[in-house]
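In my numbering, the protein residues as written are 2 to 504.
Let me begin by presenting the structure, written as structure tokens, before commenting on it.
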């Protein structure tokens with residue numbers, strides 16, 4: 002009997018079991034690239050619904066991994082379509098997108114899906130946990146006012162100025178400050194003013210501010226609003242909004258001493274904005290404000306520390322600027338104390354790999370970053386293998402990275418991730434499989450997790466299938482990846498780099 006000849010309720014259980022037994026990245030690989038099942042249209046449907054039922058994705062990702070973000074946007078749009086007639090938060094996303102598309106004159110399915118993807122940066126509560134935080138049982142029908150708030154915040158984020166002006170004429174107010182200040186907040190999309198700040202739409206920000214009866218062009222904006230604009234402009238890369246925030250009122254940077262000034266909100270706000278911005282002109286303006294006030298930039302840290310942060314975040318323009326200022330691509334930052342009592346040191350190159358930014362990694366290598374100058378517990382090539390970022394691994398290998406350096410070696414991590422492409426690239430660059438620390442370790446991992454394809458690949462490369470791994474982990478490994486390769490648990494089943502970053 003064919004799998005899809007079974008009753009739907011049995012199929013649901015089967016696919017739930019598949020989802021529970023696999024890491025999310027393996028599940029997506031099975032969903033998208035299996036040569037047999039990719040031709041079965043219902044396979045994708047059952048896998049996606051298994052992900053939804055089991056809450057494998059606890060929230061919308063806020064990271065900078067573009068390939069992961071693209072999948073989550075597709076997944077969000079698909080699940081909103083599936084739940085469009087339900088009472089879930091996902092149905093509210095669909096309704097808000099449908100309302101916007103109808104006002105725009107194109108309410109086709111494709112237009113609504115595109116609108117949901119455009120709203121992708123805003124959804125906050127479409128999972129079950131969001132309903133619990135609101136204190137509402139899942140499935141409760143939202144009130145008309147809640148649906149209006151959803152439509153309003155979505156319109157603000159999407160730049161539907163005529164609709165927002167219409168709401169203001171009806172008496173809607175935004176930007177709460179003063180005695181009668183109000184704001185509009187959607188349980189799904191968040192506060193209206195934050196939506197405009199995230200988008201960096203200065204025209205929309207001005208419109209929302211004008212709706213407040215306490216507003217006057219002659220007075221500075223309240224600091225809370227300026228801080229909101231500045232924080233989001235820095236985080237999401239908006240130059241005009243960054244300047245608008247700084248031009249809308251003074252920042253008192255002179256409170257406190259050099260030691261305790263970071264506890265004062267205005268100093269801290271600008272300091273955080275300077276550290277998080279991805280735009281060079283924003284960075285320079287913020288630093289100039291500190292310099293002009295004759296106040297120390299103690300909380301920014303060294304150039305190398307900031308370079309590592311920017312490399313991890315993939316802010317290539319700022320990375321290039323900091324290198325031009327003299328920041329060393331081989332600088333080392335002390336991190337947490339390791340399990341052997343030694344201080345762990347990292348560098349910008351490792352941070353760029355952890356952040357999955359090939360452009361930042363390439364730039365650092367071009368400026369002389371050494372891919373081999375790291376602890377054998379945390380090498381850049383290990384990180385690339387663990388995160389399956391093949392393009393970065395190829396950059397590192399081309400720059401002379403030792404394919405065997407690491408504990409465990411990168412090729413063992415490629416096997417642990419069931420990454421055939423990474424495995425082959427490492428072998429092409431001379432990665433060994435003829436030692437207990439390489440072939441035996443790789444085979445032990447493949448057999449432990451039941452990766453038959455990797456067992457077969459290793460056998461074809463000359464590794465004996467019954468080879469026994471004989472090694473005792475060193476004390477310094479106990480908090481590292483090697484310790485988690487054979488342990489089923491929260492860390493072993495996650496796709497994050499938490500274990501590798503070891504924070």
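All C-beta atoms, glycine included, are put in the ideal place defined by N, C-alpha and C.
- When secondary structure is reduced to three states using DSSP, residue 225 falls in the helix class.
- Three or more pairs of CB atoms, one per stretch, sit closer than 8 angstroms, so the segment 194-204 contacts the segment 224-234.
- Per DSSP, the continuous alpha helix (DSSP H) segment holding residue 272 begins and ends at 266-277.
- For residue 110, the enclosing alpha helix (DSSP H) starts and ends at 110-119.
- Taking the C-beta atoms as reference points, residue 201 is found no nearer than 9 angstroms to residue 248.
- Leaving aside the five residues that flank residue 470 on each side, the residues in its chain whose CB is nearer than 6 angstroms to its CB run, in chain order, 441, 442, 445.
- Just measuring C-alpha positions, the residue of 311, 290, 243 sitting nearest residue 276 is 311.
- Rounded to the nearest whole angstrom, the C-alpha separation of residue 144 and residue 154 is 16 angstroms.
- Taking C-beta separations shorter than 6 angstroms and ignoring five residues to either side along the sequence, the partners of residue 393 in its chain run 354, 359, 362, 385, following chain order.
- Following the DSSP letters along the chain, one finds residue 173 in no alpha helix (DSSP H), marked with neither H nor E.
- Straight-line measurement puts the Cα of residue 369 at about 40 angstroms from the Cα of residue 468.
- Contact annotation, residue 287 with residue 305: C-beta distance approximately 19 angstroms; criterion of less than 8 angstroms not satisfied.
- Cβ atoms of residue 94 and residue 120 come within 8 angstroms of each other, at about 7 angstroms.
- Counting of Cβ neighbours within 10 angstroms places residue 325 among the exposed residues, the total staying below 16.
- Counting only residues of its own chain and dropping the five nearest sequence neighbours on each side, residue 212 has a CB closer than 8 angstroms to the CB of 169, 173, 174, 175, 176.
- Taking a 10 Å sphere around the C-beta of residue 165, we find 16 or more other C-beta atoms and assign the residue as buried.
- Straight across, the Cα-Cα distance linking residue 380 with residue 75 is about 33 angstroms.
- The three-state secondary structure of residue 318, taken from DSSP, is helix.
- Minimum Cα-Cα distance from residue 280 among the listed residues 292, 266, 320 corresponds to 320.
- Comparing alpha carbon positions, the residue from 84, 208, 383 closest to residue 357 is 383.
- If you ignore the 5 residues before and after residue 78, its C-beta comes within less than 7 angstroms of the C-beta of 114, 117, 118, all in its own chain and listed in chain order.
- Of 141, 112, 122, the smallest CA-CA separation from residue 89 is found for 141.
- As computed with DSSP, residue 416 is found in no beta bridge at all.
- In the same chain as residue 100, and ignoring 5 residues on each side of it, the C-beta atoms closer than 6 angstroms to its own belong to 152, in chain order.
- Take the alpha-carbon of residue 81 and the one of residue 98: they are about 10 angstroms apart.
- The residues 162, 165, 166, 169, in chain order, have a CB closer than 8 angstroms to that of residue 208 in the same chain once the five nearest residues on each side in sequence are set aside.
- Residue 486 sits close to residue 417, with the two beta carbons spaced by under 9 angstroms.
- For residue 94, the uninterrupted alpha helix (DSSP H) segment begins and ends at 90-104.
- Using a Cβ distance threshold of 9 angstroms, residue 420 and residue 389 count as a contacting pair.
- Residues of the same chain with a CB within less than 7 angstroms of the CB of residue 455, apart from the 5 flanking positions on each side, are 416, 419, 447 in chain order.
- Residue 190 has its alpha-carbon roughly 32 angstroms from the corresponding atom of residue 307.
- Put simply, of 254, 318, 255, 439 the residue whose alpha carbon is nearest the alpha carbon of residue 284 is 318.
- Here residue 373 has 380, 401, 402, 403, 406 as same chain residues with Cβ atoms under 8 angstroms from its own Cβ, once five neighbours each way along the sequence are excluded.
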